[in-house]
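Visitor: Take this structure first; my questions come after.
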Amino acid sequence: MLVSTTAAAADAPDKAAANGGVSLDIVLNGHITPKCTVGGGDTIDLGQLNVDKNVSARFDVACNVPFEMVFRSSEGGIAHVSKPQGEGPYAGIVPYRLGVRVPGLTPEPVQLQADFTSGQMVGGATLNSGDAIAKGGGEITLQTEMTAGRDLLAGDYADSITIVINPRV
428 MLVSTTAAAA DAPDKAAANG GVSLDIVLNG HITPKCTVGG GDTIDLGQLN VDKNVSARFD
488 VACNVPFEMV FRSSEGGIAH VSKPQGEGPY AGIVPYRLGV RVPGLTPEPV QLQADFTSGQ
548 MVGGATLNSG DAIAKGGGEI TLQTEMTAGR DLLAGDYADS ITIVINPRV
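Residue numbers (our numbering): 428 to 596.
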């Protein structure tokens, strides 16, 4: 806090200062640190991967400044745990689309959204909030994309989606 005392000029509009009084200026300063968090997350069991699946999940997101969210897929699809390249005529990966929705404020309410393929997320796919801040929880929707006539290698399949939020200050 900065406090200064000055003698007021006789022609100042303030009555006390006009009568030869003394004025005191108090300057108030403050700061709010940018804060972005993302949380939640869980395991989604898709069961048998013999037909297209469509699932959704909620996650927590809060950011008091504009931000970008980066979505990364560890495998570029739901991959066979030991033979992601498949074997013989059998495929070892199930591609998917990931939809993302995050409520925001600009100060008016807005819906931030994006749609990515699992392949796009290998290098990181970004949702940019523009001038908006995060208002609350987000939602992802995942839809597998089975190719007609495509046979999958028997076994367990998995992928891990990582969400990173970066404040833009």
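By construction, the Cβ of each residue, glycine as well, lies at the ideal position given by its N, Cα and C atoms.
For the beta strand (DSSP E) containing residue 589, name the first residue and the last one.
Guide: One-based indexing of the sequence shown puts residue 589 at position 162. Looking at the DSSP string, the run of the beta strand (DSSP E) that includes residue 589 is 588-594.
Visitor: Classify residue 451: buried if its beta carbon has 16 or more other beta carbons within 10 angstroms, exposed otherwise.
Guide: By one-based count along the sequence shown, residue 451 stands at place 24. When all chains shown are included, residue 451 counts as exposed.
Visitor: Using three-state DSSP, classify residue 471 as helix, strand or coil.
Guide: Residue numbering aside, residue 471 sits at position 44 when the sequence shown is read from its first letter. Three-state result, residue 471: coil.
Visitor: For residue 472, count neighbouring C-beta atoms within 10 Å of its own C-beta (all shown protein chains included) and say buried if the count is 16 or more, exposed if not.
Guide: Residue 472 sits at position 45 when you count from the first residue of the sequence shown. Exposed, by the Cβ-count rule.
Visitor: Enumerate in chain order the residues of its own chain whose CB-to-CB distance from residue 596 is below 7 Å, with the five nearest sequence positions on each side excluded.
Guide: On the sequence shown, residue 596 is found 169 positions in, with the first residue counted as 1. Correct list, in chain order: 461, 492.
Visitor: Tell me whether residue 545 is buried or exposed, calling it buried when 16 or more other Cβ atoms sit within 10 Å of its Cβ.
Guide: Along the sequence shown, read from residue 1 onward, the residue named residue 545 stands at position 118. Residue 545 should be labelled buried.
Visitor: Suppose only complete runs of 3+ residues qualify. What are the beta strand (DSSP E) ranges in the segment 514-591, listed by chain order?
Guide: The segment 514-591 contains these whole beta strand (DSSP E) runs: 523-532, 536-544, 552-555, 565-571.
Visitor: Please report how far the alpha carbon of residue 475 lies from the alpha carbon of residue 458, in whole angstroms.
Guide: The residue labelled residue 475 in the question sits at position 48 within the sequence shown. The residue labelled residue 458 in the question sits at position 31 within the sequence shown. One C-alpha to the other measures close to 52 Å.
Visitor: For the candidate residues 588, 580, 592, 591, whose alpha-carbon lies nearest to that of residue 512?
Guide: Within the sequence shown, numbered from 1, the residue matching residue 512 stands at position 85. The shortest Cα separation from residue 512 among 588, 580, 592, 591 belongs to 580.
Visitor: Indicate the three-state DSSP secondary structure (helix, strand or coil) for residue 449 in the structure shown.
Guide: Taking the first residue of the sequence shown as 1, we reach residue 449 at position 22. The answer is strand: DSSP assigns residue 449 an E or B state.
Visitor: Measure the C-alpha to C-alpha separation of residue 586 and residue 521 and round it to an integer number of angstroms.
Guide: Against the sequence shown, residue 586 aligns to sequence position 159. Against the sequence shown, residue 521 aligns to sequence position 94. In a straight line, the C-alpha of residue 586 is about 10 Å away from that of residue 521.
Visitor: With a threshold of 16 other CB atoms inside 10 Å of the CB of residue 535, please say whether the residue is buried or exposed.
Guide: Mapped onto the sequence shown, residue 535 falls at position 108. Label assigned to residue 535: exposed.
Visitor: Leaving aside the five residues before and after residue 537 along the sequence, list all residues of the same chain whose C-beta is less than 7 Å from its C-beta, in chain order.
Guide: Here residue 537 refers to the residue found at position 110 of the sequence shown. Correct list, in chain order: 531, 559.
Visitor: Straight-line CA distance for residue 486 to residue 468?
Guide: Reading the sequence shown from its first residue, position 59 is the one you call residue 486. Reading the sequence shown from its first residue, position 41 is the one you call residue 468. The straight-line gap from Cα to Cα measures roughly 6 Å.
Visitor: Would you call the CB atoms of residue 478 and residue 564 closer than 8 Å?
Guide: For this step, residue 478 is matched to residue 51 along the sequence shown. For this step, residue 564 is matched to residue 137 along the sequence shown. No, Cβ-Cβ distance for residue 478 and residue 564 is not below 8 Å.
Visitor: Taking the beta carbon of residue 432 as the centre, do at least 16 other beta carbons fall within 10 Å, making it buried, or is it exposed?
Guide: Counting from one through the sequence shown, the residue named residue 432 turns up at place 5. Interpretation of residue 432 is limited by its pLDDT of 47, a score under 50 that renders its predicted location unreliable; the figure taken from the coordinates is listed afterwards. Exposed, since its Cβ has fewer than 16 Cβ neighbours within 10 Å.
Visitor: Just verifying my parser: in three-state terms, what is the DSSP assignment at residue 479?
Guide: In the sequence shown, the residue the question calls residue 479 occupies position 52. Residue 479 falls in the coil class under three-state DSSP.
Visitor: Just curious, the beta strand (DSSP E) that residue 505 is in, first and last residue?
Guide: Numbered from 1 along the sequence shown, position 78 holds the residue referred to as residue 505. Unbroken beta strand (DSSP E) run through residue 505: 505-507.
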